[in-house]
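Quick note: the sequence shown uses the numbering used here, first residue -9, plus one each step. Every residue gets a Cβ at the ideal spot worked out from N, C-alpha and C, and that includes glycine. One structure below.
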Amino acid sequence: MTDVPSGLGSDDFETILNRMGDGFFAVDTEWRLIYANDRGQEILRAAMADEVLDSVDDIEGLHFWDSIPDAVDTEFYERYHDAMETQEDVSFDEYYPPLRTWFDVRAFPSDSGLSVYLRDITEERRLERQRRESLHAIQRLYAVSSDRELSFGEKIDALLELSREYLDLPNGFLTHIDDGTQHVERSRADHPDLQAGESCPLDEAYCRRTIEMDQLLTAANAVEEGWDGDPAHDRFGLGTYIGGRVEVDGELYGTLCFADTEPREEPFTDTQRTFVELLTRWVSYELERQHAQRQIERERDRLDEFASVVSHDLRNPLNTAKGRSELLSGECDSDHLPPIRRSLSRMDTLIEDLLVLARDGVRVEELTAVDLSDLVNDAWMTTDRAGATVEVDVNELRISADESRLRQLLENLFRNAAEHGGDSVSVAVGRLPSGSGFYVEDDGPGIPESERERVFETGYTTTTDGTGFGLSIVSEIVAAHEWEISVTDGREGGARFEITGVEIV
């Protein structure tokens, strides 16, 4: 036995060695075992050849390497001999295949032999491996799910394959449940009944229980967990199963599942469950996004159709009416002609506004550095008021914007000022003192404070000639740029529109 520390009897020392729970043994200079604590005895006996154990009751006195021939020429053999030869302590971690165990080893040489401390770190290694595998799987999940080059179907296929590897299960599949039937939509599976396109009655599927649960349904050993004799087990014969409920807009869509015909040796870990939960939520979110995108596309198609009707079926007769009114004004002088021309002009403006809303909406295409002074002057040219004036105080102010949309914004604000302020209206455009944006103001009648919340509503107007769309378009363009707009009093008592949140470049 190894040297006993001073102050302790040999019995006390042996008690301490047995209580520490790890293996300890000692050999002499001839490699004969001279001591092993209780845990050391367990480890050594498990490692020794059967014929050795059959011939002795006590392992003390046995030659270490003759008794454990599988350890010869291993890392254990090399490091123990190094310690004995150099008389220097050694420590290392090593896996011993015959025992399927990882050991933390510390060997202490002396003139009388070698004392070895062994700690089983198999569970620590397993947890560390799981942590690395889980981190790698989550990183790959993120990489695939955020890859804009992949379609939804390609992403699902890649993630099913990734999950099969991570969970060590050969079958991964996404189902859609409709009218009491389970349909396999996407699959990466070996099982013939779990291929894409396969279907079965819901009451013969594991998914019938999955959709009833708020959490994942798991079965590490289906037979032992009560599935034997169940219609789903009879049909598919799955020994292992983990699956989650997939929802779209709060309604059941189907399930995302992984399975094997063989049972697992261990239950699913918390990390594995969390991974499947994350994947299930992502699938639900992506399906919701696709559903919303399809709705947007259908709405856009309807708007395009509407725009076509407005552009062709309304504008053609309007142009005819405008032409006839011009001819009529040359043939006679009537008090009815000016209001007719104003009404036709209002209809023309209304059509233009409707086309902007229907075709352009709130979309912003490309943001560029726009010189606001130049754009103000260009937009002002469209203002059909001979006596109106504009004062521009935004020299060298460049902002990040969609130039086409910003032009529409300015044109509509100028038109609004002209409609309310008359032919001689004065408009001013300048930089806000805060530096966060710009303003457009006029010297017209202004907007009462009680009406300022409503002026951006579609269809709201205070004049008989107004369309009710101009300021609504302004509001949508502002929102599309993620700016903000507010209404206050101008310096000359008119309306002042302040646009903030603008990026100055």
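- In the structure shown, R130 falls within a helical segment according to DSSP collapsed to helix, strand and coil.
- Proximity of the stretch 475 to 490 to the stretch 418 to 431 meets the contact definition, three or more beta-carbon pairs being nearer than 8 Å.
- Separation of the CB atoms of P160 and A210 is rounded to 15 Å, and the pair is thereby denied contact status at 8 Å.
- Excluding the 5 residues flanking it on each side, T171 has same chain C-beta neighbours closer than 8 Å at S189, C190, P191, L192, in chain order.
- The C-beta distance from I494 to N402 rounds to 23 Å, too long to fall under 8 Å, and the pair is not in contact.
- Every beta strand (DSSP E) stretch that sits fully inside the stretch 4 to 88 and reaches 3 residues is listed by chain position as 13 to 18, 23 to 26, 80 to 86.
- Within the same chain, Cβ atoms closer than 8 Å to the Cβ of E393 are found at T358, V360, L365, the five residues on either side in sequence being excluded.
- Between S416 and T379, the C-beta gap is smaller than 9 Å, which places the two residues in contact.
- Between the alpha carbons of N27 and V273 lies a gap of roughly 55 Å.
- For R421, same chain residues with a beta-carbon under 6 Å away, outside a window of 5 residues either side, are V384, L387, F428 in chain order.
- If you check the CB distance, P59 and E78 do not come in under 9 Å.
- A straight line joining the alpha-carbon of L318 with that of D413 spans about 26 Å.
- T251 is positioned such that its CB atom lies no closer than 9 Å to that of L268.
- The beta-carbon distance between L334 and L308, rounded to whole angstroms, is 7 Å. This is short enough to meet the 8 Å contact definition.
- With fewer than 16 other CB atoms across the displayed protein chains lying within 10 angstroms of its CB, T19 is exposed.
- Here the alpha carbon of G313 sits roughly 16 Å from the alpha carbon of D323.
- Proximity of the stretch 50 to 68 to the stretch 141 to 160 falls short of the contact definition, fewer than three beta-carbon pairs being nearer than 8 Å.
- Bounds of any alpha helix (DSSP H) do not take in N211, whose DSSP letter is neither H nor E.
- Spanning the alpha carbons of Y156 and R122 requires a straight line of approximately 11 Å.
- Secondary structure note for S319: its alpha helix (DSSP H) is the uninterrupted segment 305 to 321.
- A direct Cα-Cα distance of roughly 32 Å separates W21 from R116.
- Within its own chain, the residues whose Cβ lies closer than 6 Å to the Cβ of E381, once the five positions on either side in sequence are excluded, are A418, listed in chain order.
- DSSP lists T208, F248 as the bridge partner or partners of I232.
- Taken in chain order, the whole alpha helix (DSSP H) runs of length 4 or more contained in the stretch 408 to 490 are 460 to 470.
- Shortest Cα-Cα distance from F265 to any of L131, V445, R119 involves L131.
- When DSSP states are grouped into helix, strand and coil, Y196 belongs to the coil group.
- Residue burial is scored here from C-beta neighbours: R235 has at least 16 other C-beta atoms within 10 angstroms and is therefore classed as buried.
- Boundaries for L357: no alpha helix (DSSP H) harbours it, and the DSSP string shows neither H nor E there.
- In this structure, the CA atom of H471 is about 30 Å from the CA atom of V134.
- Taking a cut-off of 8 Å on C-beta distances, the stretch 242 to 250 does not touch the stretch 103 to 120, as fewer than three cross pairs fall below it.
- Bounds of any alpha helix (DSSP H) do not take in E175; it lies within the beta strand (DSSP E) bounded by 171 to 178.
- Using a C-beta cut-off of 8 Å, the stretch 174 to 186 makes contact with the stretch 210 to 227, since at least three inter-stretch Cβ pairs fall below that distance.
- For the 9 Å CB-CB criterion, R395 and V354 form a contact.
- Distance from L206 to R263 at the Cβ level is roughly 6 Å; contact confirmed, criterion being Cβ atoms closer than 8 Å.
- Bridge partners of I167 according to DSSP: Q172.
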